[in-house]
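K.L.:
Questions regarding the structure given below will be posed in turn.
Number of protein chains: 2
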Amino acid sequence: MSRAGLSRLGQRIQEPAISWLMKLTLSQPGMASLAAGFTDNLSLPVEAVREIVESVLARPRLGRAALQYGSTAGDESLRDLTSQHLRASDMEASGKPQPSSLYSPDRLLITHGSQQLLYLCTEALCDEGDWVLVEDPTYFVYLGILRSRGVRARGVRMRADGLDLAHLEEVLESMKASGELRRLKMIYSVTYFQNPSSITTCFAKKKAALALLKRYESAAGHPLYYLEDAAYRELRFAGDDVSSALVAPRGASRVLYAGTYSKPFASGARVGFGLLPEPVFTAVLRIKGNHDFGTSNFLQQLLAEALARGHFRKHLPRLRARYASKRAVMTQAIRERFPSGVRWEDPQGGLYVWATLPSRCPTGFQSRFFKQALAAKVLYVPGDLCYASDRSRRPSRSSMRLSFGGSEESGIRTGIERLGRLMEKHKL
Amino acid sequence: MSRAGLSRLGQRIQEPAISWLMKLTLSQPGMASLAAGFTDNLSLPVEAVREIVESVLARPRLGRAALQYGSTAGDESLRDLTSQHLRASDMEASGKPQPSSLYSPDRLLITHGSQQLLYLCTEALCDEGDWVLVEDPTYFVYLGILRSRGVRARGVRMRADGLDLAHLEEVLESMKASGELRRLKMIYSVTYFQNPSSITTCFAKKKAALALLKRYESAAGHPLYYLEDAAYRELRFAGDDVSSALVAPRGASRVLYAGTYSKPFASGARVGFGLLPEPVFTAVLRIKGNHDFGTSNFLQQLLAEALARGHFRKHLPRLRARYASKRAVMTQAIRERFPSGVRWEDPQGGLYVWATLPSRCPTGFQSRFFKQALAAKVLYVPGDLCYASDRSRRPSRSSMRLSFGGSEESGIRTGIERLGRLMEKHKL
């Protein structure tokens with residue numbers, strides 16, 4: 010198809026790998042998909058939403074307000090409640106009081122899912138040719154956003170508790186030497202039960218990363234931001250919560266915090282939010298105005314009521330228990346089925362198990378393993394999709410992201426069984 | 010505030026005039042605002058939505074589907090119903106059968122309001138420095154989108170039935186001569202009860218505009234699209250519907266049709282759609298995936314049910330009657346209060362009256378008239394906001410957009426009365 014006349018963005022944009030995987034799933038009956046990042050279906054709060062919507066629409070004034078346009082930044086009461094929720098989480102996680110100013114609703118923006126916030130922040134900060142640092146591995150949809158916009162991504166290695174700080178420093182130092190630091194805008198970090206690795210970044214590392222960025226700001230000539238994607242924060246089923254980067258020194262001025270109600274409440278409701286410092290907040294707000302004037306008021310009222318009336322709070326433990334049990338189904342099956350040459354970690358939250366095969370067994374779309382998996386009717390997300398393509402380090406080509414979020418227990422077991430059989434055949 | 014480190018877009022983006030106007034409205038008690046483009050509050054279909062949501066959520070399988078992620082293009086049944094709705098409208102308007110292929114759900118995309126579609130089309134087609142032709146006057150928010158993205162806009166004069174074709178040809182010819190035609194991507198036209206002028210473009214003009222664009226395509230070196238913004242199409246309270254540009258020759262390959270359910274059903278639900286030719290459809294779909302993966306499934310189910318169960322069809326006549334009566338309140342007040350030097354047209358649909366004062370009385374933000382109106386507690390949208398700033402022709406500096414959509418009858422009367430008194434003082 011000729012792309013003549015499209016913008017550079019229009020010409021560059023590719024079909025996201027995940028759409029292709031989803032089409033495969035739908036078109037092949039009996040496919041066990043461990044690929045999609047869908048949330049659990051059975052635990053969706055249908056009854057709670059039913060009750061809330063009824064209570065809103067039964068009151069004509071409230072009902073009409075919900076069906077009318079709202080403001081671009083979002084519903085005031087939802088912003089208040091979100092600010093309180095975030096502050097309470099950080100106070101509990103840090104064991105310390107936190108100033109309300111850090112969580113001011115005035116710097117809080119409601120978005121159509123937190124994905125929209127990632128897009129808006131990137132629009133507000135990055136020109137074609139700019140750089141963003143990402144984690145190795147990282148959320149592949151975000152890599153697609155960067156690629157489509159001509160923004161360059163460089164990977165920073167991960168350890169079990171977050172970024173490899175020595176590598177981060179090395180990357181910053183080399184960018185300073187090459188002059189590329191002047192085009193670096195931010196580091197993008199999925200800090201809780203990371204998609205895809207399920208790694209949670211400890212608070213000390215958030216603090217250290219911010220301190221490192223500070224050291225390089227004068228050479229960069231502008232602020233270097235820390236985009237904290239906390240999409241999975243609430244999906245914790247073991248261990249304690251960790252404070253957000255907002256709490257660290259410079260958290261108020263350099264952290265772009267992206268949160269969501271899609272994953273912990275209802276993905277079909279698509280309500281996310283961002284807490285942002287100036288001048289990013291104002292720029293993002295205005296761009297959001299151009300996108301859509303503001304997120305559907307109806308959805309916002311729904312979430313505001315869910316928070317105010319305790320539905321959200323009551324839903325979380327149920328959801329966590331549900332994911333914990335699905336996780337157990339998957340890890341149990343992995344223990345039984347995967348050969349010892351496959352490395353993987355037991356996740357403490359989120360939706361994914363990240364498994365790494367021996368390096369002689371690549372898992373990418375073009376690999377024998379992937380094609381055989383397809384033939385055996387099991388799908389996963391190839392790990393190599395989750396790495397920025399820069400030549401400074403070698404990405405893992407033999408990993409896979411296995412999702413236990415969307416599938417039912419039997420589908421999880423079947424998928425792992427099929428993968429295990431294939432791994433045996435490859436003598437891993 | 011320092012904007013160092015922001016992208017060019019982030020640095021360029023300005024506060025939309027309408028936000029400023031809305032803040033003024035909210036901060037000043039007793040302000041009669043004829044500025045906001047809000048929809049009528051009393052006619053919002055609270056009971057219908059209540060019934061629909063209840064019927065969806067009472068069925069657990071349907072309810073869960075509504076609260077789960079959907080596909081990026083949108084819910085299949087909503088796309089089917091939208092395609093049928095659009096085809097039926099065009100068949101009725103044209104009095105002819107229209108091929109179903111023209112309205113295929115495969116080229117239909119559901120968006121978070123039609124505003125998002127305008128943004129996505131612009132992203133897919135326009136680079137910084139490209140040109141878009143707009144109407145004189147045009148929807149000022151779209152001008153803001155273009156400005157923020159560094160896309161240049163040139164105005165084409167309007168007549169009572171749409172574009173001034175002679176002027177369009179003149180503009181195209183001069184762009185061809187200057188070489189700028191190679192950067193022209195499309196013409197943006199609000200074809201039904203235009204915001205702000207309430208002009209409806211007749212079908213002959215749509216056809217002629219497409220034919221003219223065709224003549225210049227080889228010199229442009231790429232397709233020249235016709236972005237038809239039909240946001241107000243359903244808000245018709247007099248006269249007959251007009252066929253969309255899709256029906257014209259090349260409609261299938263060159264028309265980007267933007268429609269919405271926000272205005273004719275519930276603005277708080279924010280569901281719009283686009284019917285697009287390739288390669289624009291695929292590019293827009295992928296960019297939409299990067300924005301938000303797809304519009305809230307919950308909202309889409311709501312609209313699909315509203316269409317399938319007849320709520321939408323039943324709502325329209327009520328809504329039209331309501332706007333017709335508010336329009337009558339405004340035009341009656343104008344007849345009584347505005348001096349004879351003020352020109353205005355009685356709208357046949359939409360939400361606005363466009364009034365033009367004698368040219369010696371400018372109405373812009375900096376004008377004496379605007380400041381006096383503010384002091385008299387009445388707000389309007391200054392007409393000069395609605396013109397592309399190019400030096401090729403003189404914009405109207407003495408017009409105003411008066412909205413009867415959002416205000417109550419008494420507010421409309423009060424606002425017009427205050428404006429009329431001020432006009433008398435200016436001896437118009």
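In order, the protein sequence lines correspond to chains A and B.
Heads up, the first sequence is in my numbering, so the first residue is 10 and it goes up one at a time.
Heads up, the second sequence is in my numbering, so the first residue is 10 and it goes up one at a time.
Even glycine gets a Cβ: it sits at the ideal position worked out from N, Cα and C.
These numbers come from a predicted model, not from an experiment.
#1: Assuming glutamate 237 of chain B contacts leucine 193 of chain B under a Cβ cut-off of 8 Å, what Cβ separation, rounded to an integer in Å, is found between them?
#2: Residues of chain A with a CB under 7 Å from the CB of isoleucine 196 of chain B: which are they?
#3: So, using beta-carbon positions, are tyrosine 112 of chain A and arginine 96 of chain A closer together than 8 Å?
#4: Quick one: what's got a C-beta closer than 6 Å to arginine 245 of chain A's C-beta in the same chain, skipping five residues either side?
#5: Give the DSSP-derived three-state secondary structure of leucine 51 of chain B in the structure shown.
#6: With 16 other CB atoms within 10 Å as the buried threshold, where does serine 416 of chain A fall?
#7: Beta-carbon within less than 8 Å of valine 150 of chain B's beta-carbon, same chain only, minus the 5 sequence neighbours each way: which residues are those?
#8: Going by DSSP in three states, leucine 308 of chain B sits in which element: helix, strand or coil?
#9: Does DSSP put glycine 122 of chain A in a helix, a strand or coil?
#10: Checking contacts by CB at 8 Å: is histidine 320 of chain A closer than that to chain B?
#11: Would a check of beta-carbon distances place valine 390 of chain A closer than 8 Å to chain B?
#12: Please tell me whether valine 58 of chain A has its Cβ less than 8 Å away from any Cβ of chain B.
#13: Taking the C-alpha atoms as reference points, what is the distance between leucine 219 of chain B and valine 251 of chain B?
#14: Note down, in chain order, all residues in the segment 267-299 of chain B with a beta-carbon under 7 Å from any beta-carbon belonging to chain A.
#15: Would you list the residues sitting across from arginine 166 of chain B in a DSSP beta bridge?
#16: Tell me which same chain residues have a C-beta within less than 8 Å of the C-beta of tyrosine 241 of chain B, skipping the five on either side of it?
#17: List the residues that DSSP assigns as beta-bridge partners of tryptophan 363 of chain B.
#18: Any C-beta of chain A within less than 7 Å: which residues of the segment 203-216 of chain B qualify?
#19: Within 10 angstroms of its Cβ, does aspartate 84 of chain A collect 16 or more other Cβ (buried), or is it exposed?
#20: When the Cα atoms are used, what is the spatial distance from lysine 214 of chain B to methionine 167 of chain B?
#21: Here's the rule I'm using: 16 or more other beta-carbon atoms within 10 Å means buried, otherwise exposed. How should phenylalanine 374 of chain B be labelled?
#22: For leucine 15 of chain B, decide whether its Cβ has a neighbour in chain A, counting only Cβ atoms nearer than 8 Å.
#23: Roughly how many whole angstroms lie between the Cα atoms of serine 80 of chain B and glycine 429 of chain A?
#24: On the DSSP bridge assignment, give the partners of arginine 353 of chain B in chain order.
#25: Taking Cβ-Cβ distances shorter than 9 Å, what residues in chain A pair up with tyrosine 78 of chain B?
#26: At 8 Å on the CB atoms, spell out the chain B contacts of alanine 228 of chain A, in chain order.
#27: In chain A, which residues lie less than 9 Å from serine 98 of chain B when you measure between Cβ atoms?
#28: Quick one: what's got a C-beta closer than 6 Å to alanine 102 of chain A's C-beta in the same chain, skipping five residues either side?
#29: If you follow the beta strand (DSSP E) that glycine 268 of chain A is part of, which residue opens it and which one closes it?
#30: Comparing alpha-carbon positions, which option in B:Leu394, B:Arg427, B:Val338 lies nearest aspartate 381 of chain B?
#31: Measuring alpha carbon to alpha carbon, tell me which of A:Gly248, A:Arg377, A:Lys185 ends up nearest leucine 221 of chain A.
#32: Could you list which residues in chain A have their beta carbon closer than 8 Å to that of threonine 81 of chain B, in chain order?
#33: Give me, in chain order, the residues of the same chain whose beta-carbon lies closer than 6 Å to that of serine 276 of chain A; leave out the 5 immediate sequence neighbours on both sides.
#34: Return no unless some Cβ of chain B is closer than 8 Å to the Cβ of arginine 12 of chain A.
#35: Rounded to the nearest angstrom, how far is the Cβ of valine 55 of chain B from that of leucine 311 of chain B, given a contact under 8 Å?
#36: In its own chain, which residues sit with a C-beta less than 7 Å from the C-beta of valine 62 of chain A, not counting the 5 before and 5 after it?
P.N.:
Once the coordinates are examined:
#1: Going by Cβ atoms, the distance from glutamate 237 of chain B to leucine 193 of chain B rounds to 17 Å, so no, they are not a contact pair.
#2: Near isoleucine 196 of chain B there are no residues of chain A at all, since even the closest Cβ is about 13 Å away, more than 7 Å.
#3: yes
#4: Gly358
#5: coil
#6: buried
#7: Pro25, Ile27, Gln124
#8: helix
#9: coil
#10: no
#11: no
#12: yes
#13: 16 Å
#14: Ala275, Ser276, Gly277, Ala278, Arg279, Glu287, Pro288, Ala292, Arg295, Ile296, Gly298, Asn299
#15: B:Asp145
#16: Val199, Tyr201, Phe202, Gln203, Asn204, Lys272, Gly358, Gly359, Leu360
#17: B:Arg410
#18: none
#19: buried
#20: 11 Å
#21: exposed
#22: yes
#23: 30 Å
#24: Rather than arginine, the amino acid found at residue 353 of chain B in this sequence is tryptophan. Paired residue(s): B:Ala364.
#25: Ala45, Gly46, Phe47, Thr48, Ser271, Ser276, Gly277, Arg279, Gly415
#26: None at all; the shortest Cβ gap to chain B is about 13 Å.
#27: The contacting residues do not exist; serine 98 of chain B stays about 23 Å from chain A at best.
#28: Asp250, Val251, Ser252
#29: 264-269
#30: According to the sequence provided, residue 381 of chain B is glutamine. The question's aspartate does not apply to it. Considering only alpha carbons, the answer is B:Arg427.
#31: A:Lys185
#32: Ser28
#33: Thr48
#34: yes
#35: At roughly 12 Å, the Cβ-Cβ gap does not stay under 8 Å, so valine 55 of chain B and leucine 311 of chain B are not in contact.
#36: Leu311
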